[in-house]
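Working notes for the structure below.
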Amino acid sequence: MRKFHRWISVLFGVFLLWIAVTGTLSQIVPLLAGGEREKPKVEASAKPAFVCPPDYMCRPKPKPGDPRALIGLLHHLHSGESFGPVGVVFGTLSGFAMIFFSVSGLWLYIQMWRNRAERKLTPRWFWK
């Protein structure tokens, strides 16, 4: 199990770092953008082309330079869509690799814990 854990981590480490950074940025950018925006003013005589459904919050398209304009770009980078079908495949495989790392890492930890118990060493959560 350790061998697979190591080899897959070498192969997917860069992609998982990419996903982690772009995912984190996609969450931070809206926080840095500030509070709520003003609703666009519509004249009473003007009939809007699109009416926002009552349960939804519709927002106007962000202006250039607005940090919220980055959210769409970050989403496409995060999902791999910016790199075409190959990017989406690598993004999906990286997601499966993250699931594998979670399960195999927990499995390796349990094996090390049992090994220490069998050798009658003091069980600790973390050891040197």
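Be aware that the sequence shown starts at 344, since it is given in my numbering, and climbs by one per residue. Beta carbons: idealized from backbone N, C-alpha and C, even for Gly.
Inclusion of G415 and I362 in the CB contact set at 8 Å is not warranted, their separation being larger than that value. For M441, the three-state secondary structure derived from DSSP is helix. In the structure shown, the three-state DSSP call for G423 is coil. In the three-state DSSP reduction, P405 falls in the coil class, being neither helix nor strand. In the three-state scheme derived from DSSP, where H, G and I count as helix and E and B as strand, F433 is classed as helix. Shortest Cα-Cα distance from L359 to any of S445, N458, M441 involves M441. Between S352 and the set H421, P407, F444, T367, the nearest pair of CA atoms involves F444.
In this model, V429 and D409 are separated by some 30 Å (Cα to Cα). If the five residues before and after V372 are omitted, its C-beta is found closer than 8 Å to the C-beta atoms of P410, R411, L413, I414, L417, all from its own chain and listed in chain order.
In terms of Cβ geometry, G427 and H348 do not form a close pair [threshold 8 Å]. Sequence-distant Cβ neighbours of S425 in its own chain, meaning closer than 6 Å and more than five residues away, are H419.
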